[in-house]
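Q: I'd like to ask some things about the structure below.
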Amino acid sequence: VTIFLMEGAQLYINANEKVDLSPSTSGPYAGITIFEDHGNTSALTLNGGANSTISGFVYAPDAPISYAGNSDMSSQGDCLRLVGKTVLMTGNSSVRTDCTAMLGNREMYASRRITLAK
Numbered sequence: 027v028t029i030f031l032m033e034g035a036q037l038y039i040n041a042n043e044k045v046d047l048s049p050s051t052s053g054p055y056a057g058i059t060i061f062e063d064h065g066n067t068s069a070l071t072l073n074g075g076a077n078s079t080i081s082g083f084v085y086a087p088d089a090p091i092s093y094a095g096n097s098d099m100s101s102q103g104d105c106l107r108l109v110g111k112t113v114l115m116t117g118n119s120s121v122r123t124d125c126t127a128m129l130g131n132r133e134m135y136a137s138r139r140i141t142l143a144k
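In our numbering, the protein residues as written are 27 to 144.
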């Protein structure tokens, strides 16, 4: 599945919900799970729980992404890549980054600059 967030749309996934999101592995949107268009500054909140799995490419270049929880949200051995204006990671969540199969064997880059801030 690919979720498109346009015209200020917002996505909030709470920790007590069962979520299983993974992208298609073929076609023009292969590997993309959540796509928030440029100019959309609405926060993207992904709070994991014991029954949550989110994998693929989450792209929200102008919005803050909050990734929290106490679970392995990519527990199937898939990948999760987060691109946002800011990315806040809290809790005991983990991220796997081997995205070869998930992205349809394509390379995918969001930017040439990465800044880590504490």
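Using N, Cα and C, we set each Cβ at its ideal position, and we do this for glycine too.
Evaluate Ala35 with the Cβ neighbour count: other Cβ atoms within 10 Å of its Cβ, from every protein chain shown; 16 or more gives buried, anything less gives exposed.
A: Counting Cβ neighbours within 10 Å, Ala35 comes out exposed, since fewer than 16 surround it.
Q: Fully enclosed by the segment 56 to 86, which beta strand (DSSP E) runs are 3 residues long or longer?
A: Segments of the beta strand (DSSP E) lying fully in the segment 56 to 86: 58 to 62, 70 to 73.
Q: How would you call Leu70, buried or exposed, if buried means at least 16 neighbouring beta carbons within 10 angstroms?
A: It is buried - the Cβ of Leu70 has at least 16 other Cβ atoms within 10 Å.
Q: Rounded to whole angstroms, what is the Cα-Cα separation between Gly117 and Met32?
A: Each residue's alpha carbon lies about 29 angstroms from the other.
Q: To the nearest angstrom, how far is it from the Cα of Ile58 to the Cα of Tyr85?
A: Straight-line Cα distance between these residues: approximately 8 angstroms.
Q: Output needed for Ile60: all residues of its chain with C-beta closer than 6 angstroms, excluding positions within five of it in sequence on either side, in chain order.
A: So the qualifying residues of the chain are Ile29, Val84.
Q: With DSSP as the reference, identify every bridge partner of Met115, one or two as the case may be.
A: In the DSSP output, where bridge partners are listed per residue, Met115 has Tyr93.
Q: Is the separation between the beta-carbon of Val45 and that of Ser78 shorter than 8 angstroms?
A: In contact: Val45 and Ser78 (Cβ atoms closer than 8 angstroms).
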